[in-house]
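Engineer: Residues -18 to -1, 1 to 249 (mature numbering (1 follows the signal peptide of the UniProt record, and there is no 0)) make up the sequence shown, in order.
Cβ atoms here follow ideal geometry from the backbone N, Cα and C, with glycine treated the same way.
For reference, the structure I am asking about is given below.
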Amino acid sequence: MGKFHTTLPPSLLPWILSQPVFFVTTAPLSPQGHINVSPKGTFPNINSFGYIPTHESEPTKPAQFWYLDLSGSGSETIAHLYEPENGRITVMFCEFGKAAPRIVRLFGRGKVLENGTKEFQEWTKKEGVEVVPGARSVVVVEVELVGDSCGFAVPVMEFRERREVLNDHWRKKVERFEKGLSKESVERYWAYKNAWSLDGLPGMEVARKMGEKEGIVPIEKMVGPMARNLPYSRRNWCSSLSIWAVMLQVLLTAIVVLAGERLMGFR
């Protein structure tokens, strides 16, 4: 039977910290927006995630779950956490091995500490996190509720190994950048792919600043014959902006003409 706790039972913490993967879910506030689910692989050798329980000296301070967010082609989680009045996030762990079946969910509000900011530097130093190439942020979740359920229908699967493809990719990219290839800059990648969400919400602040500075046009994420008709398509925004620009120009022209006629009438 499922149970809900205001804090994580201590007996569950070792199990959580031993998991090779977990999932994070966020959503925009708009009913037209897309709910996002992202799997996150863990890397114990770099201290990539952790849980900070409520301390006795600060009993009203929520416990925190955090993870090191590696760069990828999407920025949905970041955009949803940045959205004003939003910040909702759920983190889910599942037992896929032969141990007792279990699902644990951490419900809370998240904040983003972007790589390159003072907050990011202070957090990674405090928690002893190795900032690997391609690390774009630390996501910190203030845990409001913990759900613990059975997971009897979750299949049993054998864990083989962790993928190093992404880490290898970013390490090589950083090496090329350090050799003088400016186009290999991680910040340029962020500007191209992480500046905006699928639904048009602002993503990484560092990405948008770099895009403005370097004149980098963000990737068009909505593709296909119907993309232009979707309300969250950037091409649709451009079309809408063009229409409004024309209407504004017509309005200004009319104002100028009327003002000119009135001035002529005073002569």
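Where do the ends of the beta strand (DSSP E) carrying E196 lie?
Structural biologist: Per DSSP, E196 belongs to no beta strand (DSSP E); it is in the alpha helix (DSSP H), 187 to 196.
Engineer: If you compare alpha carbons, which of L183, P200, I34, M204 is closest to Y171?
Structural biologist: P200
Engineer: Does the Cβ of S53 have 16 or more other Cβ atoms within 10 Å, making it buried, or fewer, making it exposed?
Structural biologist: buried
Engineer: Should the segment 22 to 40 be regarded as contacting the segment 108 to 127, the criterion being three or more beta carbon pairs within less than 8 Å?
Structural biologist: yes
Engineer: Can you list, in chain order, the residues of its chain with a C-beta nearer than 6 Å to that of K93? Leave out the 5 residues immediately preceding and following it.
Structural biologist: V122
Engineer: I need the boundaries of the beta strand (DSSP E) containing A61, first residue and last residue.
Structural biologist: Not the beta strand (DSSP E): A61 falls in the alpha helix (DSSP H), residues 58 to 64.
Engineer: Thinking C-beta only, is L50 closer than 7 Å to V111?
Structural biologist: The Cβ-Cβ distance between V111 and L50 falls below 7 Å.
Engineer: So what's K93 in DSSP terms, helix, strand or just coil?
Structural biologist: strand
Engineer: Helix, strand or coil: which one does DSSP assign to V114?
Structural biologist: coil
Engineer: Just the Cα atoms here: how many angstroms apart are S(-8) and E140?
Structural biologist: Straight-line Cα distance between these residues: approximately 24 Å.
Engineer: Thinking C-alpha only, which one of T59, A82, M74 is nearest L95?
Structural biologist: Checked all of T59, A82, M74; the closest Cα to L95 is T59.
Engineer: Count the other C-beta atoms from every protein chain shown that fall within 10 angstroms of the C-beta of I(-3), then say buried if there are 16 or more, exposed otherwise.
Structural biologist: buried
Engineer: Please classify S164: is it buried, with 16 or more other beta-carbons within 10 angstroms of its beta-carbon, or exposed?
Structural biologist: exposed
Engineer: Is H62 buried or exposed, if buried means 16 or more other CB atoms sit within 10 Å of its CB?
Structural biologist: buried
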